[in-house]
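Order-wise, the sequence lines are chains V and E.
When you read off a place in the first sequence, starting at 1, and then add 574, the result is the number in our numbering.
When you read off a place in the second sequence, starting at 1, and then add 574, the result is the number in our numbering.
Where a beta carbon is used, it is the ideal one built from N, C-alpha and C, also for glycine.
Scroll down for the structure; my scribbles are underneath it.
Number of protein chains: 2
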Amino acid sequence: MLRSKGKQLVFVTNNSTKSRADYKKKFDKLGIPAKVDEVFGSSYSAAVYINRILNLPAPKNKVFVVGESGIEQELDAEGVPHIGGTDPSFRRDIEPEDFNSLADGSALDPDVAVVLTGLDFHINYLKLATAYQYLQRGALFLATNTDSSLPMAHSLFPGAGAVGAGVVKAIGREALSLGKPSQAMMDAIEGKFHFDRSRTCMVGDRMNTDIQFGIDGKLGGTLAVLTGVSKKEEFLAEGASTVPMAYVDCLGDLLV
Amino acid sequence: MLRSKGKQLVFVTNNSTKSRADYKKKFDKLGIPAKVDEVFGSSYSAAVYINRILNLPAPKNKVFVVGESGIEQELDAEGVPHIGGTDPSFRRDIEPEDFNSLADGSALDPDVAVVLTGLDFHINYLKLATAYQYLQRGALFLATNTDSSLPMAHSLFPGAGAVGAGVVKAIGREALSLGKPSQAMMDAIEGKFHFDRSRTCMVGDRMNTDIQFGIDGKLGGTLAVLTGVSKKEEFLAEGASTVPMAYVDCLGDLLV
Chain V
575 MLRSKGKQLV FVTNNSTKSR ADYKKKFDKL GIPAKVDEVF GSSYSAAVYI
625 NRILNLPAPK NKVFVVGESG IEQELDAEGV PHIGGTDPSF RRDIEPEDFN
675 SLADGSALDP DVAVVLTGLD FHINYLKLAT AYQYLQRGAL FLATNTDSSL
725 PMAHSLFPGA GAVGAGVVKA IGREALSLGK PSQAMMDAIE GKFHFDRSRT
775 CMVGDRMNTD IQFGIDGKLG GTLAVLTGVS KKEEFLAEGA STVPMAYVDC
825 LGDLLV
Chain E
575 MLRSKGKQLV FVTNNSTKSR ADYKKKFDKL GIPAKVDEVF GSSYSAAVYI
625 NRILNLPAPK NKVFVVGESG IEQELDAEGV PHIGGTDPSF RRDIEPEDFN
675 SLADGSALDP DVAVVLTGLD FHINYLKLAT AYQYLQRGAL FLATNTDSSL
725 PMAHSLFPGA GAVGAGVVKA IGREALSLGK PSQAMMDAIE GKFHFDRSRT
775 CMVGDRMNTD IQFGIDGKLG GTLAVLTGVS KKEEFLAEGA STVPMAYVDC
825 LGDLLV
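Right, dumping it as structure tokens:
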């Protein structure tokens, strides 16, 4: 409907487990026409930030990934070298000798310059400890996003922010988040699509990511859809921190 | 030396992976004379709190444990039923069907009333998600301690606080900590030893746990030992938040 009116659509997601190509497949299945280029995920945002903004000189430009294959695919697409992630050698229990080899650095890759945390269904102590050791040695600390929870199976589960929280607590400082509501993501999207912010509307179902993203980005409009984590009561309450300009019960209401 | 002067000694540790009996064995190895009853660990503190203070009526008094065997041993000693912990069925990757059975509650034990997090070298997403689901259903949230880091192999590693941080971030509230510097632990120790606080000295090597514990507990003295995580510069700096009454380079200096 929006497309038939000539509107440019960009699908902006914080889910870091899926690459843009994965999302394209998902949209195909749902019967939603979308191109890979119209999808902007937090993994892609992080990869673009690392490659184009940080632009670290090789060979000291490797990323230690705490996350799933979506992050790895986007880093590959941007030509950023990485370790960790889905590598089976990190999907195991920590052993007594790991403490020694991590402490003396012999288990660490001296070319790692960045720790990037995202949603990781295979999080374990070995990954937490390895990420922490890189950070202690001065690696930059990035996160695809810091969502506390993840809607799944009609319930909520720990999100990327919960997975990364162990590293945050250990090192005592927050990661730079490249997902919503981080404006680093808005800048990256603008860099690619050159849209007019005043004539752009952010549509989303989560106040502290989607709607906050639109407000902080000074977009012309913000539309809340009540099919997700956030409830109407949340932003209709007096003194609510994030208030959308308008809301609809479901996306279908836009068709009316 | 202190013992020969008739001093009562209590060894207070935040390490939740070991039970008091484990510590007794460790002291034996080090040639330090100590009785099990003189050891007060954060796992024991948590078990005492759950059994004697919470004193929940059976059968809805089970504890879901995120932690190692030290916690289980102390809960057993206090007769507190528990699940999770070292149970191999929780030491595995989360599977797609787990999301459904956790979301609809069929994988959950209706008698769980408490989630207790400690240091867990086998932390994984399944444990995070299970703990989070119990908390969402109203379970009490306790932690043996919230130390961000753990000294090991002449380096630092993620501590119990880092392991529990994922659950904290997901649920959006802190756990009640039963370890140093929590005064719940001081009260539990006093309940057992009936000591005179004004004539008691806390000796420790970490400012934000050990020394803070003594200060908050209004003990007569606090003595920092410079063999641990905290450095002299930390408390000698102007405006330092936690300052010991005295300090020594190492415990052996007490013998002089």
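Beta-bridge pairing by DSSP links E/S643 to no other residue. The stretch 805–824 of chain V makes no contact with the stretch 735–752 of chain E, as fewer than three CB pairs between them are under 8 Å. Under the 10 Å beta carbon count, E/L690 is surrounded by 16 or more other beta carbons and is classified as buried.
In the DSSP annotation of this structure, the continuous segment of the alpha helix (DSSP H) that includes E/G765 starts and ends at 757–767. For the options E/P725, E/D784, E/G735, the alpha carbon positioned closest to that of E/L797 is the one of E/D784. Per DSSP, the unbroken alpha helix (DSSP H) holding V/L604 starts and ends at 594–604.
CA-to-CA, the gap between V/G615 and V/N588 works out to about 6 Å. V/Q757 and V/G788 have their C-alpha atoms some 9 Å from each other.
For V/V777, the beta-bridge partners assigned by DSSP are V/L797. Beta-bridge partners assigned by DSSP to V/S751: V/A717. Contact annotation for E/D667 against chain V: R665, F695, H696 [CB-CB distance below 9 Å, chain order]. Within chain E, A736, A739, K743 have C-beta atoms less than 9 Å from the C-beta of V/V742, given in sequence order.
The DSSP-derived three-state label of V/T691 is strand. Interface with chain E (8 Å Cβ-Cβ cutoff): V/A713 is excluded. In this model, V/L714 and V/L630 are separated by some 11 Å (Cα to Cα). Annotation: V/H768 has no Cβ neighbours in chain E at a cutoff of 9 Å; minimum Cβ distance is about 36 Å.
Per DSSP, the unbroken alpha helix (DSSP H) holding V/F787 starts and ends at 786–790.
Taking 8 Å as the upper bound on Cβ-Cβ separation, chain V lies near residues S723, M726, A727, H728, S729, L730, F731, P732, G733 of the stretch 723–734 of chain E.
Scanning chain V for C-beta atoms nearer than 8 Å to the C-beta of E/A749 yields nothing, as the closest lies near 12 Å away. The shortest C-alpha to C-alpha distance from V/H728 to any of E/P818, E/F673, E/E648 is the one to E/F673.
DSSP places E/L576 in the coil class of the three-state scheme, outside both helix and strand.
Counting along the chain, E/T587 sits inside the beta strand (DSSP E) bounded by residues 585–587. By the neighbour-count criterion, in which a residue is buried when 16 or more other Cβ atoms sit within 10 angstroms of its Cβ, V/E671 is exposed. Taking CB atoms only, V/G746 has a neighbour in chain E less than 8 Å away. The three-state reading of DSSP puts V/L730 in strand, counting E and B together.
Only exposed fits E/G580, as fewer than 16 other CB atoms lie within 10 angstroms of its CB. Excluding the 5 residues flanking it on each side, V/L576 has same chain C-beta neighbours closer than 8 Å at L583, L828, in chain order. In the DSSP annotation of this structure, the continuous segment of the beta strand (DSSP E) that includes E/A820 starts and ends at 820–822. Close to V/F809, with beta-carbon spacing below 9 Å, lies no residue of chain E; the smallest spacing is near 17 Å. For V/F614, there is no enclosing alpha helix (DSSP H); the residue is part of the beta strand (DSSP E) that begins and ends at 613–615.
When secondary structure is reduced to three states using DSSP, E/G746 falls in the coil class, being assigned neither helix nor strand. Burial check for E/R594: the Cβ neighbour count within 10 Å reaches 16 or more, so the residue is buried.
Taking 7 Å as the cut-off between beta carbons, none of the residues of the stretch 637–661 of chain E comes near chain V. Between the beta-carbon of V/A762 and that of V/S619 there is about 5 Å, and that keeps the pair under the 8 Å contact cut. V/G653 sits away from V/K592, with the two beta carbons spaced by 8 Å or more. One Cα belongs to E/G658, the other to V/S723, and the distance between them is close to 22 Å.
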